[in-house]
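Numbering (this note's numbering), first residue to last: 549 to 771.
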């Protein structure tokens, strides 16, 4: 693998892992609850379970797309355009959503890290609609390339999981540090920031797709 391949692959894989995990839905609320009520590490292991579930959905998406590579190459403009629309819709949804409605009482129990992993995995895996979000991200980042070999995929999906774990490590660290000042209402702000980021990425992705399709001589390099 050439160094250019690493430069292309690494930031995209990590970004996908973070962005898939970042929206504060039920799993985010559960992890914040566990950080406040059980401690940081039970919450982080819950995030590990969520990350494994996200990785499985990314694998399903990636291998599904790899079987239709000729179709992707022939319709790259439409796929990037639709991916941008999906991301924009998800960004608007997050911006307007009240994440505190997902808040449910936490059942206290002794620390069981395996149980935390399983509960995080099952809660995340029970939402197959995340597939549409992942497809949008893969299309936005042009993540699956025809020249990818086995080692490309191993590195790519390992880094997606790493991105997810980085996100949950930071979330549990910050909530634990700020537990005395933490206000659940701040999730409104988190969701709106993430929503705006996704919407901005979607607009950039659509603009790049249009530029590539209709203005190929205009070179713009954006992640």
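Ideal Cβ placement from N, Cα and C applies to all residues, glycine included.
Taking residue 712 as the centre and dropping the five residues before and after it, the same chain places the C-beta of 565, 566, 568, 569, 595, 598, 599, 602, 603 closer than 8 angstroms to its C-beta, in chain order.
Sequence-distant Cβ neighbours of residue 588 in its own chain, meaning closer than 6 angstroms and more than five residues away, are 720, 724. Around the beta carbon of residue 664, 16 or more other beta carbons lie within 10 angstroms, which makes this residue buried. Residue state for residue 728 is assigned as coil, using DSSP reduced to three classes.
Per DSSP, reduced to three states, the secondary structure at residue 599 is helical. Taking C-alpha positions only, residue 553 is separated from residue 685 by approximately 19 angstroms.
Just so you know, the alpha carbons of residue 729 and residue 581 end up roughly 14 angstroms apart. Annotation: the continuous alpha helix (DSSP H) that includes residue 679 extends over 678 to 689. Rounded to the nearest angstrom, the gap between the Cα atoms of residue 636 and residue 748 is 8 angstroms. The criterion of a C-beta distance shorter than 8 angstroms is not satisfied by residue 557 and residue 699. The DSSP-derived three-state label of residue 605 is helix.
The alpha-carbon of residue 591 is positioned some 32 angstroms away from that of residue 632. Residue 669 counts as buried, since at least 16 other C-beta atoms from the protein chains shown sit within 10 angstroms of its C-beta.
Counting of Cβ neighbours within 10 angstroms places residue 577 among the buried residues, the total reaching 16 or more. Of all alpha-carbon atoms in 682, 662, 583, the one lying nearest the alpha-carbon of residue 628 is that of 682.
Looking from the CA of residue 691, the closest CA among 680, 704, 697, 679 belongs to 704. Residue 551 and residue 560 have their C-alpha atoms roughly 15 angstroms apart. Secondary structure note for residue 694: it is in no alpha helix (DSSP H), with a DSSP letter that is neither H nor E.
Taking the C-beta atoms as reference points, residue 575 is found no nearer than 8 angstroms to residue 726.
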